[in-house]
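All the letters of the sequence shown, read from the start, carry residue numbers 1 to 473 under UniProt numbering.
Heads up, the beta-carbon is just placed ideally off N, CA and C, and yes, glycines get one too.
See below for the structure under consideration.
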Amino acid sequence: MELENSVAVRNEGRTGEKAAVAETKKVFVKTYGCQMNVYDSQRMTDALAADGYVATDAIGEADLVLLNTCHIREKAAEKVYSELGRIRDMKAERALEGRQLTIGVTGCVAQAEGAEIIRRAPAVDLVVGPQTYHRLPDVLARVRDGGKVVETDYALDDKFEHLPQPKPAEIIKRGVTAFLTVQEGCDKFCTFCVVPYTRGSEVSRSVAQIVAEAERLAAAGVREVTLLGQNVNAWHGQGPDGGEWGLGRLLFRLAEIPGIARLRYTTSHPRDMDDELIEAHRDLSTLMPYLHLPVQSGSDRILKAMNRRHKASDYLRLIERIRAARSDIAMSGDFIVGFPGETEADFEDTMTIVREVGYASAFSFKYSPRPGTPGAEMNDHVPEAVKDERLQRLQALLVEQQQAFSVSMVGRTIETLIEKPGRQAGQKVGRSPWLQPVIVDEKAGEIGDIIPVRITGTGFNSLHAEPVAEAAE
Ligand code: SAH
Ligand code: SF4
Ligand code: F3S
Numbered sequence: 001m002e003l004e005n006s007v008a009v010r011n012e013g014r015t016g017e018k019a020a021v022a023e024t025k026k027v028f029v030k031t032y033g034c035q036m037n038v039y040d041s042q043r044m045t046d047a048l049a050a051d052g053y054v055a056t057d058a059i060g061e062a063d064l065v066l067l068n069t070c071h072i073r074e075k076a077a078e079k080v081y082s083e084l085g086r087i088r089d090m091k092a093e094r095a096l097e098g099r100q101l102t103i104g105v106t107g108c109v110a111q112a113e114g115a116e117i118i119r120r121a122p123a124v125d126l127v128v129g130p131q132t133y134h135r136l137p138d139v140l141a142r143v144r145d146g147g148k149v150v151e152t153d154y155a156l157d158d159k160f161e162h163l164p165q166p167k168p169a170e171i172i173k174r175g176v177t178a179f180l181t182v183q184e185g186c187d188k189f190c191t192f193c194v195v196p197y198t199r200g201s202e203v204s205r206s207v208a209q210i211v212a213e214a215e216r217l218a219a220a221g222v223r224e225v226t227l228l229g230q231n232v233n234a235w236h237g238q239g240p241d242g243g244e245w246g247l248g249r250l251l252f253r254l255a256e257i258p259g260i261a262r263l264r265y266t267t268s269h270p271r272d273m274d275d276e277l278i279e280a281h282r283d284l285s286t287l288m289p290y291l292h293l294p295v296q297s298g299s300d301r302i303l304k305a306m307n308r309r310h311k312a313s314d315y316l317r318l319i320e321r322i323r324a325a326r327s328d329i330a331m332s333g334d335f336i337v338g339f340p341g342e343t344e345a346d347f348e349d350t351m352t353i354v355r356e357v358g359y360a361s362a363f364s365f366k367y368s369p370r371p372g373t374p375g376a377e378m379n380d381h382v383p384e385a386v387k388d389e390r391l392q393r394l395q396a397l398l399v400e401q402q403q404a405f406s407v408s409m410v411g412r413t414i415e416t417l418i419e420k421p422g423r424q425a426g427q428k429v430g431r432s433p434w435l436q437p438v439i440v441d442e443k444a445g446e447i448g449d450i451i452p453v454r455i456t457g458t459g460f461n462s463l464h465a466e467p468v469a470e471a472a473e
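What follows is the structure, encoded as structure tokens:
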């Protein structure tokens with residue numbers, strides 16, 4: 001973003017005529033949901049920067065407010081409408097002052113609900129689905145001409161080809177860790193999930209596009225890149241050698257880029273963990289030993305009803321193979337409790353698989369019926385109170401495992417990527433290979449450095465550490 005654009009330019013002539021003020025338009029983007037939305041919000045900001053908008057963190061200053069939304073659970077979708085209520089009042093106050101506020105809804109609620117959003121929240125000016133973000137400047141021009149615009153087509157043109165790339169200064173302002181979407185959409189149709197409907201079918205970005213973007217990130221100073229996809233390990237593409245590449249091969253290629261010290265990927269599906277990806281975990285020290293591999297349930301009956309298309313034992317065997325390739329790998333997962341028909345015995349199977357795997361971190365949710373998904377039409381919905389009680393038991397176990405994992409770090413020397421200033425003066429926050437925030441003295445290293453630190457204790461969701469001179473174990 002050009003600095004000149006971020007300040008109002010005032011021409012005060014010597015003759016004392018009235019100052020001509022060229023106001024800069026400001027955009028405030030609020031992001032809900034998964035990392036893919038975080039990435040998309042950045043790319044939308046980049047597209048709008050090319051259209052003269054400067055990003056702001058203060059909603060009160062904004063001329064354009066975009067809510068980049070999530071539809072995964074009912075609560076996530078409803079949050080958007082309560083936020084829209086607040087913004088509607090702001091828009092009305094502005095109108096009294098003769099100023100305009102444009103309101104847009106993007107992301108998965110936009111895709112799922114389309115024009116219905118404007119019926120429910122008439123203050124909304126534009127609704128744009130995830131496949132059409134490159135058309136945002138055009139959409140805004142149409143809104144300025146006095147219309148409401150709903151754009152939820154699955155665009156035939158490749159949005160990534162058309163979205164402008166951020167400048168190096170903007171990249172590094174966002175941090176030394178970065179997301180890079182390599183794959184979008186999902187063809188798996190788990191019976192609980194809206195993603196195949198909100199993000200469309202699986203599409204992989206090309207090797208050339210991904211490598212170029214990773215090189216741009218590295219040149220700007222990014223040290224750690226997380227490849228993103230709703231089903232990231234379903235990524236495939238044609239390599240420069242003409243052969244068909246999977247995610248494993250892509251990781252080997254990205255590891256060659258100078259400056260990129262760490263690679264991660266998320267979220268993966270157990271059915272798409274192929275041999276080459278497991279070999280990447282074995283052979284690439286750049287690939288961090290942390291894997292988010294959701295299983296959702298430990299019950300074969302429920303896994304079948306969910307259309308996960310694997311058994312609990314397949315998942316356990318897979319983890320065994322991954323651990324054989326990389327012994328220090330830490331597992332993370334997602335779980336749903338109270339899927340239709342889940343009995344106490346099914347739930348106990350979930351507790352058992354959690355005990356067998358031992359998770360370093362995990363996300364767990366109460367099943368939320370989503371309109372249009374097969375799950376919502378099933379019989380035997382589990383009462384809310386039962387879901388609550390199961391979620392509590394599961395979360396107690398997961399928290400216990402997470403804490404045990406943190407405590408197991410104490411006394412060890414680990415490589416930490418110094419990421420940003422800490423919340424308290426005199427501190428910096430780093431990131432362990434296992435994604436834990438590591439709090440160190442600010443003099444321990446510069447942002448972007450990867451340094452060995454000794455873990456001295458654990459905090460709430462973080463590790464405390466002191467610098468050490470010698471190399472990490
Ligand atoms: N593609 C990923 C998950 C994407 S959604 C995968 O296949 O694992 C992220 C998580 O939200 C899911 O793993 C699931 O645990 C949860 N989730 C999805 N739909 C849900 C629903 N209807 N109710 C509750 N949780 C849900
Ligand atoms: Fe949703 Fe299943 Fe696709 Fe994951 S694999 S995005 S849970 S449908
Ligand atoms: Fe939510 Fe869409 Fe991500 S539904 S989890 S924002 S893909």
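- Counting every other CB atom within 10 Å of its CB across the protein chains shown gives D241 a total below 16, marking it as exposed.
- In the structure shown, Y290 adopts extended strand secondary structure according to DSSP, grouped into three states.
- Straight-line measurement puts the Cα of A425 at about 38 Å from the Cα of T102.
- Within the DSSP secondary-structure output, G426 pairs in no beta bridge.
- Annotated as distal: L126 and V109, with beta-carbon spacing of 8 Å or more.
- Between T373 and A220, the alpha-carbon positions lie close to 42 Å from each other.
- The region 62 to 73 and the region 157 to 170 do not touch, with fewer than 3 CB-CB distances between them shorter than 8 Å.
- Counted as a single uninterrupted DSSP element, the beta strand (DSSP E) harbouring V127 occupies residues 126 to 128.
- Judged by beta-carbon spacing, R86 lies beyond the 8 Å limit of A123, meaning their Cβ atoms are not closer than that value.
- According to the DSSP assignment, N37 belongs to the alpha helix (DSSP H) that extends over 35 to 49.
- In the structure shown, T56 falls within a coil segment according to DSSP collapsed to helix, strand and coil.
- Put simply, the backbone Cα of G333 is about 30 Å away from that of E466.
- Ranking A255, A325, I439 by CA distance to the CA of D274 puts A325 first.
- In its chain, beyond the 5 residues on either side, K366, Y367, V382, V386, K387, R390 have a beta carbon closer than 7 Å to the beta carbon of G338.
- CA-CA distance, E415 to G246, rounds to 28 Å.
- When DSSP reads this structure, T458 sits in a beta bridge with L463.
- Taken in chain order, the unbroken stretches of beta strand (DSSP E) that lie wholly in the region 150 to 225 and span 3 residues or more are 177 to 181.
- Between A76 and Y32 a beta carbon distance of about 6 Å is seen, short of the 8 Å cut, so the two are scored as contacting.
- In terms of Cβ geometry, L291 and A280 do not form a close pair [threshold 8 Å].
- Taking C-alpha positions only, P433 is separated from R120 by approximately 45 Å.
- The beta carbon of V295 sits closer than 6 Å to those of Y315, G333, all from its chain and outside the five residues before and after it, given in chain order.
- In this structure, DSSP gives L66 an extended state, which the three-state scheme calls strand.
- Check the Cα spacing between L284 and each of R301, A261, T45: the tightest is with A261.
- When the alpha-carbon of D40 is set against those of P164, R94, D57, E116, the nearest one is in P164.
- By the Cβ test, the region 136 to 143 is not in contact with the region 226 to 233, since fewer than three Cβ pairs between them sit closer than 8 Å.
- M331 carries a strand assignment under DSSP once its states are collapsed to helix, strand and coil.
- In this structure, P374 has its CB at a distance of at least 7 Å from all heavy atoms of the ligand SAH.
- A Cβ-Cβ contact shorter than 8 Å links S201 with D187.
- Taking a contact as a CB-CB distance under 8 Å, the pair E342 and I302 counts as one, their CB atoms being some 6 Å apart.
- Here Q230 is not bridged, per DSSP, to any residue.
- Taking the Cα positions, W235 is about 11 Å away from E244.
- In the DSSP assignment, H236 falls outside any alpha helix (DSSP H) and lies within the beta strand (DSSP E) extending over 236 to 238.
- V440 and F189 have their C-alpha atoms spaced approximately 44 Å apart.
- Across the structure, Y154 and P130 are spaced so that their CA atoms are roughly 8 Å apart.
- Placement of the Cβ of G200 at a distance of 7 Å or more from every heavy atom of the ligand F3S is found.
- Contiguous alpha helix (DSSP H) elements confined to the region 379 to 438 occur at 384 to 407, taking only those with 4 or more residues.
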